[in-house]
Every structure is written in C-alpha cells, then in structure tokens.
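Engineer: Got a structure for you, written out below as structure tokens; questions coming shortly.
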Amino acid sequence: MSDAQLSQRIQRIQPSPTMAVAARALALKRQGRDIVSLSVGEPDFAVFPHVALAVETALRKGLTKYTPSPGLVELREAIGYALHRDLGHRFSPAQIIATAGAKQALYNACQALLDDGDECVIPNPYWVSYPEMAKLAGARVVELALRQEDGWVPRADDLAAVLTERTRVVMLGSPSNPTGAVWHEAALRGIAEVLRKFPRVTVLSDDIYDKLTYEGVAAPNLLNLAPDLAPRLLLINGCSKAYAMTGLRLGWAAGPEPLIAAMCKVQDASTSNPSSLSQHAAIAALRGPQELVEEMRVAFERRRNLLVELLRAVPGISCAKPDGAYYVFSDVTALLGRRAAGQGAPIGTSHRLAELLLEEHGVAVVPGSAFGREGFLRLSFATGEEQIKDAVSRLAKAAAQLS
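Numbers given in the working numbering equal positions in the sequence shown, counted from 1, plus 1315.
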C-alpha cells in the first residue's frame, strides 16, 4: 500500500516555530536538563477563582453537551457586554461567534474570506500563524514591512504601496506579538484613510493583547477611530491572555453579520462549538470582577521593566521597551557576527543563536526569523522575576563566550 499523498497546500505550511522551541525545551527538561524558558506566550498566573468556580459549577450541573456551533447565546451576550463596556459599541449575538481560541477565529475568517490567488497583507514582523492561515486558504501573502526606527508602527504610505486590486484581507495586530508595539491613533487613522480607497478589503483586527498595556498607554481600536469601516472590520479577541485561560481555548470574533454567518459555516464543517465548560468559564471571566486582570497587568509591567533593564546591560543586545503584550523583541545583530567556541564560522542567524542558547546554556527563546525578521530574538516576560533573572544571566554568559 502506497503512502498517503499529501496536498500541495499542506506541504507549503510550516510548523509553528514557537511550538517547536517549547517542545524542544520540554524534551530537554524530561532528560533532566535545567531549562529556563522565555519562549512561551502564556501567562504563568492561575485561572481566576471565580472562573474556576464557574467550570466546577457547570460540570456539576452536567453542562457538558453540544451547544450551538457559534456558542451559547449567553456567552455571545457576555462578549457583546464586554465589547460595549470596553469600546462603547454594541454587537448582537448574531454578530458574534465564539471559537476554540482567537486563533480559530482568525482561521475561520481566512477560510470565509480568501480564495485561491487572493492577496492577504500581513505586517512584518508577524505572529507566526498569520501567514500560514492565509496560505491554507489559498491566498498569496504580501508583507507590509515595518521599521524598527518607527517603533514597529506601520506607515500609511507603506500600506498603500502593497495594496492591489487582488487584496482581500489585511491583518492588523496591536499590541503586537512579537514586538509589543502599540499602534497609536495617528497611525491607525492613516491606515483607515488608505483602506477607504480599497472597498473590497476586509480588516482582521487581532486585539488579543488589548488589556495588556503599560505606563498609561492605551491601545486604540480601529472601530472607534473609523466607524465607517465597521461593515468590513472584524474584531478578534479571547480569554487566553488577559484572563490567563490559554488552555481553555476560548476566543471570539465580532463583526458584520454576513461574515459571522460565513465563519459559522466553516466552524459547522470543522469543529462545531468550543468546549461547553470553557464557554461557561468565559461568561464568568467577562461578566465577573476585572480587578485580577489589572493585578496581572501590573505584574507584567514590573517584569517588563526588569527584563529590559537586564537585557540592556548585556553587550551586543539592544531593545526598546514595549508598550504592550509581554514580549521584548531584542536586536542581537551584533552577536550574529561572532563565533561560538570551537566554531570556525560566525553564528550567522537568529535561529542558530537561539539553538545555541537552548542546547548549550539552557535558556529557551524564539528566533526573530520565526516572525519574518532576522537579527532578533523574542523574549517573553510572562514568567516569574527569578526566572527572568536566571534566563538573562545565562544569556549574558553565552554572549560573553562568543568571540
């Protein structure tokens, strides 16, 4: 019997580099290695007590059956409530779909919007899954190059230069993974002005880190700045980051009803409803007290300050202080021209540097190449302060040993 013949489409897709780093770090830990990780975008906080209680209550009541594919009406009402509280806009349940994480919401949207040969514009640096989702929908990825000197904030004229008659989707993400950049109002207004000239383009706004901003910086939303774009603007968010519910896999999308209905078709044909228990957890998270979100944000801000201070003391590494999310996108270009002990050739790439740090020094980070930008490392501060100190100490030792 011959081997299964895989599709050309799936052969063009790359596995997640962030997941690969996490898996290798876990494998080394199982071998008894001392590994400290700054690689995973996952809060180290426990699920909030009232959210855990909601799961226990739902389980005790036997609420473990199928729900409507787009999610319980009660959940979609809770999402609408949170959107009105945070943004001042009202969404009906028919304008909302609940998904198994924000990632599935993005995937469903790509499947609903993109055809073979369409173009999808993605800012670079990008979250690792953005281009793969577009490719799985048959689209051609067009990168919008961001500049470090601009603080990784897009320029409107750069966006105008990459949009064509074949562009169907533009993905936006602020606060950003991997850079932590928060796109300011002027930048978003400029983007809106460009998008008005391309009425066939739908915007996917990935707002998953919108509650994690620092030093009084707020993450403006395109819906508030350009409400006229609402008929082709999809807001995507979830409980993973702000509510420390990564493993519960509960996200959502809110936007024009025809697009939500199309995304429901995708979900009907693939996964159906997200977990019933996770839906009840999300209702509690969204309608319950929000003080714990703020406590977690404050802790992240403290960790951000610590990580940036320590990194800036390492020769060969430079970094900006991010305004949001929980990543520092560090410039390690100076280290790539150096050689590791016993090596004749320079390190050369961020992938090789990350590999060296993990295998030889026991610190897990993600290479910038995973996000489309060579010469950088992404370090997560979604972990404890002692782990941050340990990781940077190892990083500094590794840098000092390069010649």
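Even glycine gets a Cβ: it sits at the ideal position worked out from N, Cα and C.
Suppose you measure from the CA of Leu1544 to the CA of Ile1632; what does that come to, to the nearest Å?
Structural biologist: In the sequence shown, the residue the question calls residue 1544 occupies position 229. In the sequence shown, the residue the question calls residue 1632 occupies position 317. In a straight line, the C-alpha of Leu1544 is about 41 Å away from that of Ile1632.
Engineer: Which residue from Arg1688, Leu1673, Glu1624, Ile1703 puts its Cα closest to that of Leu1461?
Structural biologist: In the sequence shown, residue 1461 corresponds to position 146, counting from 1. Minimum Cα distance to Leu1461 is reached at Arg1688.
Engineer: Tell me Ala1460's beta-bridge partners as DSSP assigns them.
Structural biologist: On the sequence shown, residue 1460 is found 145 positions in, with the first residue counted as 1. Answer is Asn1439.
Engineer: Go ahead and pull the three-state DSSP assignment for Met1334.
Structural biologist: Residue 1334 sits at position 19 when you count from the first residue of the sequence shown. Correct three-state label for Met1334: helix.
Engineer: Residues in the same chain with beta-carbon distance under 6 Å from Ala1557, minus the five sequence neighbours each way, listed in chain order, please.
Structural biologist: As a first step, residue 1557 must be located in the sequence shown, where it is residue number 242. Answer for Ala1557: Lys1526, Val1608, listed in chain order.
Engineer: Should Ile1662 and Gly1677 be called a contact, given that it needs their Cβ atoms to be closer than 9 Å?
Structural biologist: Taking the first residue of the sequence shown as position 1, residue 1662 is located at position 347. Taking the first residue of the sequence shown as position 1, residue 1677 is located at position 362. For Ile1662 and Gly1677, no; Cβs fall outside 9 Å.
Engineer: For Val1643 and Ala1635, I'd like the C-alpha separation in whole angstroms.
Structural biologist: Start at 1 with the first residue of the sequence shown, and residue 1643 comes out as number 328. Start at 1 with the first residue of the sequence shown, and residue 1635 comes out as number 320. Cα to Cα, Val1643 sits roughly 7 Å from Ala1635.
Engineer: Can you check which of these residues, Arg1511, Cys1554, Val1509, Glu1530, is closest to Asp1521 by C-alpha distance?
Structural biologist: In the sequence shown, the residue the question calls residue 1521 occupies position 206. Closest option to Asp1521, Cα to Cα, is Cys1554.
Engineer: Identify, in the order they occur along the chain, each residue of the same chain with its Cβ nearer than 7 Å to the Cβ of Gly1690, setting aside the five sequence neighbours on each side.
Structural biologist: The residue you call residue 1690 lines up with position 375 of the sequence shown. So the qualifying residues of the chain are Asp1646, Val1647, Thr1648, Leu1651, Ser1665, Gly1683.
Engineer: With three or more C-beta pairs closer than 8 Å as the rule, is the segment 1452-1460 touching the segment 1595-1605?
Structural biologist: No: fewer than three Cβ pairs fall under 8 Å.
Engineer: Would you please state the rounded distance, in angstroms, between the beta carbons of Ala1685 and Val1484? I believe it to be under 8 Å.
Structural biologist: As a first step, residue 1685 must be located in the sequence shown, where it is residue number 370. As a first step, residue 1484 must be located in the sequence shown, where it is residue number 169. The pair is not a contact, with the Cβ atoms about 22 Å apart (cut-off 8 Å).
Engineer: For a quick check, are the C-beta atoms of Ala1415 and Ile1598 less than 9 Å apart?
Structural biologist: Counting from one through the sequence shown, the residue named residue 1415 turns up at place 100. Counting from one through the sequence shown, the residue named residue 1598 turns up at place 283. Contact flag unset, no.
Engineer: Give me, in chain order, the residues of the same chain whose beta-carbon lies closer than 8 Å to that of Leu1668; leave out the 5 immediate sequence neighbours on both sides.
Structural biologist: In the sequence shown, the residue the question calls residue 1668 occupies position 353. Closer than 8 Å at the Cβ level, and outside the excluded window around Leu1668, lie Val1647, Leu1650, Leu1651, Ile1662, Pro1682, Leu1692.
Engineer: Compare the C-alpha of Val1509 against each of Pro1542, Ala1397, Asp1472 and name the closest.
Structural biologist: As a working mapping, residue 1509 is identified with position 194 in the sequence shown. Of the candidates Pro1542, Ala1397, Asp1472, the one whose C-alpha sits nearest the C-alpha of Val1509 is Asp1472.
Engineer: Quick check on the burial criterion: 16 or more other C-beta atoms within 10 angstroms. Buried or exposed for Glu1500?
Structural biologist: The residue you call residue 1500 lines up with position 185 of the sequence shown. By the 10 Å Cβ count, Glu1500 comes out exposed.
Engineer: If I measure Cβ to Cβ from Gly1495 and keep anything under 7 Å in the same chain, skipping five residues before and after, which residues do I get?
Structural biologist: Translated into positions along the sequence shown, residue 1495 becomes position 180. Pro1637, Asp1638, Gly1639, Ala1640, Tyr1642, Val1643, Phe1644.
Engineer: Can you tell me the Cα-Cα spacing of Val1497 and Leu1549, whole angstroms?
Structural biologist: For the purposes of this step, residue 1497 is taken as the residue at position 182 of the sequence shown. For the purposes of this step, residue 1549 is taken as the residue at position 234 of the sequence shown. Taking the straight line from one Cα to the other gives about 19 Å.
Engineer: Would you kindly work out how many angstroms separate the C-alpha atoms of Leu1321 and Asp1430, rounded to a whole number?
Structural biologist: Taking the first residue of the sequence shown as 1, we reach residue 1321 at position 6. Taking the first residue of the sequence shown as 1, we reach residue 1430 at position 115. So the two alpha carbons sit approximately 20 Å from each other.
Engineer: Taking just the CA atoms, how far does Thr1586 sit from Pro1535?
Structural biologist: Taking the sequence shown and counting its residues from 1, the one referred to as residue 1535 is at position 220. Taking the sequence shown and counting its residues from 1, the one referred to as residue 1586 is at position 271. Approximately 32 Å between the Cα atoms of the pair.
Engineer: Kindly list the residues whose CB is nearer than 6 Å to the CB of Arg1547, restricted to its own chain and excluding five residues on each side of it in sequence; keep chain order.
Structural biologist: Along the sequence shown, read from residue 1 onward, the residue named residue 1547 stands at position 232. So the qualifying residues of the chain are Thr1517.
Engineer: Using a threshold of 9 Å, state whether the C-beta atoms of Phe1696 and Leu1353 are closer than that.
Structural biologist: Counted from its first residue, the sequence shown places residue 1696 at position 381. Counted from its first residue, the sequence shown places residue 1353 at position 38. Against a cut-off of 9 Å, the Cβ pair of Leu1353 and Phe1696 comes out as a contact.
Engineer: How close, in whole Å, do the beta carbons of Asp1583 and Ser1718 come, if the pair is a contact with beta carbons under 8 Å?
Structural biologist: In the sequence shown, residue 1583 corresponds to position 268, counting from 1. In the sequence shown, residue 1718 corresponds to position 403, counting from 1. Not quite, the Cβ-Cβ distance comes to about 59 Å (not below 8 Å), so this is no contact.
Engineer: Within the same chain, show all residues whose beta-carbon is closer than 6 Å to that of Arg1327, passing over the 5 residues directly before and after it, in chain order.
Structural biologist: In the sequence shown, residue 1327 corresponds to position 12, counting from 1. Lys1450, listed in sequence order.
Engineer: State the Cα-Cα distance for the pair Arg1709 and Ala1715, rounded to the nearest angstrom.
Structural biologist: As a first step, residue 1709 is located in the sequence shown; it is residue number 394 there, counting from the start. As a first step, residue 1715 is located in the sequence shown; it is residue number 400 there, counting from the start. Going by the C-alpha atoms only, they are around 10 Å apart.
Engineer: Taking Cβ positions, are Ile1703 and Arg1627 nearer each other than 9 Å?
Structural biologist: Working through the sequence shown from its first residue, we reach residue 1703 at position 388. Working through the sequence shown from its first residue, we reach residue 1627 at position 312. No, they are not a contact pair.
Engineer: What separation, rounded to the nearest whole angstrom, lies between the Cα atoms of Cys1435 and Lys1376?
Structural biologist: Locating residue 1435 in the sequence shown gives position 120, where the first residue counts as 1. Locating residue 1376 in the sequence shown gives position 61, where the first residue counts as 1. Those two C-alpha atoms are separated by around 44 Å.
Engineer: Between the Cα of Phe1363 and the Cα atoms of Met1611, Asn1552, Ala1413, which residue gives the shortest distance?
Structural biologist: Looking up residue 1363 in the sequence shown gives position 48. Nearest option by C-alpha distance: Met1611.
Engineer: By Cβ distance, which residues of its chain are closer than 7 Å to Leu1672, with the 5 residues on each side in sequence left out?
Structural biologist: Taking the sequence shown and counting its residues from 1, one reaches residue 1672 at position 357. So the list reads Val1678, Val1680, Leu1710, Ala1713, once near-sequence residues are dropped.
Engineer: Could you tell me the distance, in whole angstroms, from the CA atom of Leu1387 to the CA atom of Glu1572?
Structural biologist: Counted from its first residue, the sequence shown places residue 1387 at position 72. Counted from its first residue, the sequence shown places residue 1572 at position 257. Rounded to whole angstroms, Leu1387 to Glu1572 spans 17 Å at the Cα level.
Engineer: Could you pull out every residue in the same chain whose Cβ sits closer than 7 Å to the Cβ of His1595, ignoring the five residues on either side in sequence?
Structural biologist: Against the sequence shown, residue 1595 aligns to sequence position 280. The answer, listed in chain order, is Ala1369, Val1370, Ala1373, Leu1378.
Engineer: DSSP state of Tyr1445, grouped into three classes?
Structural biologist: Start at 1 with the first residue of the sequence shown, and residue 1445 comes out as number 130. Three-state DSSP puts Tyr1445 in a helix.
Engineer: How is Met1316 classed by DSSP in three states: helix, strand or coil?
Structural biologist: As a position in the sequence shown, residue 1316 is number 1, starting the count at 1. Below a pLDDT of 50, predicted positions are generally treated as unreliable, and Met1316, at 40, falls in that range; the measurement from the model is reported next regardless. It is coil, neither helix nor strand.
Engineer: Whole angstroms are fine: how far does the CA of Arg1339 sit from the CA of Gly1699?
Structural biologist: By 1-based counting over the sequence shown, the position of residue 1699 is 384. By 1-based counting over the sequence shown, the position of residue 1339 is 24. So the alpha carbons of these two residues sit roughly 21 Å apart.
Engineer: Tell me whether the beta-carbon of Ala1568 lies closer than 9 Å to the beta-carbon of Ile1325.
Structural biologist: Translated into positions along the sequence shown, residue 1568 becomes position 253. Translated into positions along the sequence shown, residue 1325 becomes position 10. No; because the gap between Cβ atoms is not below 9 Å, this pair is not in contact.
Engineer: Specify, as a first and last residue, the run of the alpha helix (DSSP H) that Ala1649 falls within.
Structural biologist: Within the sequence shown, numbered from 1, the residue matching residue 1649 stands at position 334. Its alpha helix (DSSP H) spans residues 1648-1651.
Engineer: From Arg1405 to Gly1566, what distance separates their C-alpha atoms?
Structural biologist: The residue given as residue 1405 occupies position 90 in the sequence shown. The residue given as residue 1566 occupies position 251 in the sequence shown. So the alpha carbons of these two residues sit roughly 18 Å apart.
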